[in-house]
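Residue 629 is where the sequence shown starts when you use my numbering, and the numbers rise one by one after that. Backbone N, C-alpha and C fix where the C-beta goes; we use that ideal spot for every residue, glycine too. Please read the structure below before turning to the comments.
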Amino acid sequence: MSGPLVFAHRGSSAVLPEHTLAAYLRALDEGADGLECDVRMTRDGHLVCVHDRRLDRTSNGRGRVSRHTLAELDRLDFGSWHPGEPAGDLPADPDRTRLLTLDGLLTAVRAAVQAADREVELLVETKHPTRYGADVERSLVALLHRHGLARPDPAARVRVTVMSFSALAVRRMRELAPELPTVLLLDTLPPRPRIGRLPFGARIAGPGVQLLRTRPELVPALHAAGHRVYVWTVNEPDDLELVLRHRVDGIITDRPALVLDRLGR
């Protein structure tokens, strides 16, 4: 395969509600090389695929995700807010409206790639700060062990990479699951960085596309230091052309079909 990997950001989320099973299966159908999800921990210790700390934007619930049990969250509608969802009295499709757990996503993706005889890379972002701290990474690693994904396996069709904006969380993952690739997400650079250098534990850089606009020297420096570069969130044609000029290694996008079409794949 030529060109960068294409990752569906929260699934094919421009078309279907983010973090729903339907959005992820749509991304696989569109040919995405990988999927991206955010995880938060519920009050009773489950990892769920939700970006925001609060429920208000993407569900009909209120309050913080971390203060609800899984059973409470499972009663909420996580899809009808999306502009692509049909209006009217049609019965809701649970794949498009139901909360998705990370366990459920892993199970579904493993089955889908086996059926399609293909491979996929799953980017899992642990969200911080959180009241549960290191328990998020500990629970993530335990879940990956149950699915046989806590270390790279040539026979496995799903490869897991863990990401975070928290350097501490990335370091923690390196200690808990040293064989898994890790990404340090970046929306700014520290005041006095040695450009191209990532903190201990981070093997891949994850800058935002706007950071590339303001610091065009960043990607060459990271590549020179031996790091891969996955850029988020690339949705507009101008942004796509920018990251292609920089020869990035991965493109994280809400519109995987658009990016794949531009790449001729």
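Going by C-alpha to C-alpha distance, which of the options sits closest to residue i?
| i | options | result |
| --- | --- | --- |
| residue 701 | 712, 682, 827 | 682 |
| residue 752 | 770, 736, 730 | 730 |
| residue 816 | 809, 648, 829, 833 | 833 |
| residue 671 | 869, 814, 763 | 763 |
| residue 813 | 745, 748, 792, 824 | 792 |
| residue 651 | 691, 733, 746 | 733 |
| residue 825 | 809, 839, 846, 842 | 846 |
| residue 894 | 870, 881, 877 | The requested residue 894 does not occur in the structure, where the chain is confined to residues 629 to 893. |
| residue 746 | 782, 778, 631 | 782 |
| residue 859 | 865, 848, 839, 849 | 839 |
| residue 697 | 668, 823, 710, 686 | 668 |
| residue 893 | 658, 678, 761 | 658 |
| residue 750 | 789, 868, 699 | 789 |
| residue 673 | 686, 699, 679 | 699 |
Can you give me the C-alpha to C-alpha distance between residue i and residue j, rounded to a whole angstrom?
| i | j | result |
| --- | --- | --- |
| residue 723 | residue 852 | 43 Å |
| residue 854 | residue 873 | 19 Å |
| residue 717 | residue 725 | Low per-residue confidence applies at residue 717: pLDDT is 47, beneath 50, and the placement is therefore not dependable, though the value from the model is reported in the following sentence. Rounded to the nearest angstrom, the two C-alpha atoms are 15 Å apart. |
| residue 665 | residue 863 | 17 Å |
| residue 890 | residue 640 | 16 Å |
| residue 827 | residue 795 | 7 Å |
| residue 785 | residue 830 | 23 Å |
| residue 649 | residue 728 | 7 Å |
| residue 875 | residue 810 | 20 Å |
| residue 799 | residue 688 | 35 Å |
| residue 703 | residue 871 | 40 Å |
| residue 694 | residue 844 | 38 Å |
| residue 777 | residue 769 | 9 Å |
| residue 632 | residue 758 | 32 Å |
| residue 837 | residue 867 | 7 Å |
| residue 675 | residue 760 | 11 Å |
| residue 741 | residue 646 | 20 Å |
| residue 595 | residue 823 | This structure does not reach residue 595, given that the chain is present from 629 up to 893, and the question cannot be answered. |
| residue 767 | residue 865 | 38 Å |
| residue 835 | residue 679 | 18 Å |
| residue 739 | residue 710 | 26 Å |
Once the 5 residues before and after residue i are set aside, which same chain residues still bring their CB inside 8 Å of it?
| i | result |
| --- | --- |
| residue 720 | 705, 707, 708 |
| residue 655 | 636, 639, 640, 663, 884 |
| residue 692 | 681, 682, 683 |
| residue 737 | 652, 656, 663, 748, 750, 786 |
Is residue i a contact residue of the ligand MG, with contact defined as CB to any heavy atom under 7 Å?
| i | result |
| --- | --- |
| residue 752 | Among the components of this structure there are no ligands whatsoever, and the ligand MG is therefore not found. |
Excluding the 5 residues preceding and the 5 following residue i in the sequence, name in chain order all residues of the same chain whose CB lies nearer than 6 Å to its CB.
| i | result |
| --- | --- |
| residue 634 | 660, 661, 879, 884, 887, 888 |
| residue 630 | none |
| residue 857 | 833, 847, 850, 876, 877 |
| residue 801 | 765, 790, 810 |
Check the DSSP bridge columns for residue i and list the partner residues they point to.
| i | result |
| --- | --- |
| residue 749 | 662, 787 |
| residue 858 | 878 |
| residue 637 | 664 |
| residue 737 | Answer is none; residue 737 lacks a bridge partner. |
| residue 754 | 667 |
| residue 832 | 811, 856 |
| residue 676 | 668, 729 |
| residue 694 | None; residue 694 has no bridge partner. |
| residue 792 | 812 |
| residue 682 | 692 |
In its own chain, which residues sit with a C-beta less than 7 Å from the C-beta of residue i, not counting the 5 before and 5 after it?
| i | result |
| --- | --- |
| residue 712 | 643, 644 |
| residue 780 | 787, 807 |
| residue 797 | 754, 756, 765 |
| residue 684 | 690 |
Three or more beta-carbon pairs under 8 Å between the region 795-811 and the region 771-779, yes or no? yes
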